[in-house]
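Asks:
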Amino acid sequence: MAITAPLPRSERYSPDPDHALTLPSHYYHDPGIYEREKEEIWFKTWQYLGFLQDLRNPGDYITDRIVDQQVFVIRDKAGDLRAYYNVCMHRGHILLEGKGNKTIITCPFHAWSYDTFGALRAAGNAENVAGFRLEDFGLSEIRVETMANMVFVNLDLDARPLGETYAGFEEDV
Numbered sequence: 000m001a002i003t004a005p006l007p008r009s010e011r012y013s014p015d016p017d018h019a020l021t022l023p024s025h026y027y028h029d030p031g032i033y034e035r036e037k038e039e040i041w042f043k044t045w046q047y048l049g050f051l052q053d054l055r056n057p058g059d060y061i062t063d064r065i066v067d068q069q070v071f072v073i074r075d076k077a078g079d080l081r082a083y084y085n086v087c088m089h090r091g092h093i094l095l096e097g098k099g100n101k102t103i104i105t106c107p108f109h110a111w112s113y114d115t116f117g118a119l120r121a122a123g124n125a126e127n128v129a130g131f132r133l134e135d136f137g138l139s140e141i142r143v144e145t146m147a148n149m150v151f152v153n154l155d156l157d158a159r160p161l162g163e164t165y166a167g168f169e170e171d172v
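The numbering of the sequence shown is numbering that gives the first Met the number 0, which starts it at 0 and goes up by one.
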């Protein structure tokens with residue numbers, strides 16, 4: 000049996016993708032590259048979040064995270080899917096965990112309450128704050144679309160539609 004030595008370091012990496020065996024090691028731990036990947040890849044592409052069967056009834060929700068961003072999808076009272084960042088607009092506390100059903104989403108920190116359309120419905124002591132308007136503090140919406148009974152979200156509000164991005168996906172599944 001022949002024993003072969005590993006390639007010298009200089010031959011393991013090539014800027015030509017057809018000849019590259021690996022990336023230089025700093026690509027895997029450089030904080031700048033990580034931040035760029037988050038901003039240019041993870042936050043601008045469609046991400047699978049769950050199955051449509053978990054969102055059958057008004058108030059059904061599922062949660063997940065995209066890298067360091069907490070998100071959730073909920074079926075609103077009209078029967079449509081909506082997706083939001085999973086943080087209260089007051090102090091940024093996580094609103095929901097796992098999956099379940101809620102017709103009113105109440106923050107466990109200061110009890111701000113939102114409906115399934117993302118609108119703030121109640122905020123403690125709000126009536127005593129000059130100029131405070133509930134309609135100014137709704138949840139931050141993100142994109143949600145479905146394909147092949149799967150739910151996808153995209154943090155980029157200007158992203159191409161899921162069907163354009165993954166044309167032919169449904170036929171392949």
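Glycine residues also receive a C-beta, built at the ideal position from the N, C-alpha and C atoms.
DSSP on Ser139, reduced to helix/strand/coil?
Replies: As a first step, residue 139 must be located in the sequence shown, where it is residue number 140. The answer is coil: DSSP assigns Ser139 none of H, G, I, E or B.
Asks: I'd like to confirm the pairing. Which residues does DSSP put opposite Gln69 in its beta bridges?
Replies: Within the sequence shown, numbered from 1, the residue matching residue 69 stands at position 70. Beta-bridge pairing links Gln69 to Arg64.
Asks: Rounded to whole angstroms, how far is the Cβ of Gly167 from the Cβ of Met146, which I believe are closer than 8 Å?
Replies: Residue numbering aside, residue 167 sits at position 168 when the sequence shown is read from its first letter. Residue numbering aside, residue 146 sits at position 147 when the sequence shown is read from its first letter. With a Cβ gap of about 11 Å, Gly167 and Met146 do not count as contacting.
Asks: Can you give me the Cβ contacts of Lys101 inside the same chain, cut-off strictly under 6 Å, excluding the 5 residues immediately before and after it?
Replies: Against the sequence shown, residue 101 aligns to sequence position 102. Hits under 6 Å: Gly58.
Asks: Please report the distance separating the alpha-carbon of Asp29 from that of Ile93.
Replies: Stepping through the sequence shown from its first residue, residue 29 is reached at position 30. Stepping through the sequence shown from its first residue, residue 93 is reached at position 94. So the alpha carbons of these two residues sit roughly 29 Å apart.
Asks: Where Gly91 and His18 are concerned, what is the direct C-alpha to C-alpha distance, given to the nearest angstrom?
Replies: Numbered from 1 along the sequence shown, position 92 holds the residue referred to as residue 91. Numbered from 1 along the sequence shown, position 19 holds the residue referred to as residue 18. Near 46 Å, if we compare the C-alpha coordinates of His18 and Gly91.
Asks: So, for Ile73: in the same chain, excluding its five sequence neighbours on each side, which residues have a beta-carbon less than 6 Å away from its beta-carbon?
Replies: Mapped onto the sequence shown, residue 73 falls at position 74. The residues are Tyr60, Arg81, Thr115.
Asks: According to DSSP, is Asp53 part of a helix, a strand, or is it coil?
Replies: Looking up residue 53 in the sequence shown gives position 54. It is helical.
Asks: Hey, would you say the C-beta of Ile32 is under 7 Å away from at least one heavy atom of the ligand COA?
Replies: Absent from the structure shown: the ligand COA. Ligands present: none.
Asks: Considering only residues of the same chain and omitting the five flanking positions on each side of Ile32, which have a CB-CB separation below 7 Å?
Replies: Mapped onto the sequence shown, residue 32 falls at position 33. Around Ile32: Tyr26.
Asks: Considering only residues of the same chain and omitting the five flanking positions on each side of Phe42, which have a CB-CB separation below 6 Å?
Replies: Reading the sequence shown from its first residue, position 43 is the one you call residue 42. Within the same chain, Phe42 has close Cβ partners Leu154.
Asks: When you compare only the Cα positions, how much space is there between Leu20 and Glu96?
Replies: Taking the first residue of the sequence shown as position 1, residue 20 is located at position 21. Taking the first residue of the sequence shown as position 1, residue 96 is located at position 97. Rounded to whole angstroms, Leu20 to Glu96 spans 41 Å at the Cα level.
Asks: Inspect the beta-carbon positions of Gly117 and Gly137 and report whether they are closer than 8 Å.
Replies: The residue given as residue 117 occupies position 118 in the sequence shown. The residue given as residue 137 occupies position 138 in the sequence shown. Yes, the pair counts as a contact, with Cβ atoms nearer than the cut-off.
Asks: Between which two residues does the alpha helix (DSSP H) containing Gly31 stretch?
Replies: By one-based count along the sequence shown, residue 31 stands at place 32. Element bounds for Gly31: 30-36.
Asks: Within the same chain, show all residues whose beta-carbon is closer than 6 Å to that of Ala121, passing over the 5 residues directly before and after it, in chain order.
Replies: Working through the sequence shown from its first residue, we reach residue 121 at position 122. Only Ser112 meet the Cβ criterion.
Asks: Residues in the same chain with beta-carbon distance under 8 Å from Leu54, minus the five sequence neighbours each way, listed in chain order, please.
Replies: In the sequence shown, residue 54 corresponds to position 55, counting from 1. For Leu54, where only same-chain residues beyond five positions count, the Cβ hits under 8 Å are Tyr60, Ile61, Val72, Ile73, Arg74, Leu80, Val150.
Asks: Alpha carbon to alpha carbon, what distance is there between Thr164 and Leu48?
Replies: Numbered from 1 along the sequence shown, position 49 holds the residue referred to as residue 48. Numbered from 1 along the sequence shown, position 165 holds the residue referred to as residue 164. Whole-angstrom Cα-Cα distance: 16 Å.
Asks: Under 8 Å, do Tyr83 and Val70 count as touching if we go by C-beta distance?
Replies: As a position in the sequence shown, residue 83 is number 84, starting the count at 1. As a position in the sequence shown, residue 70 is number 71, starting the count at 1. Yes, they are a contact pair.
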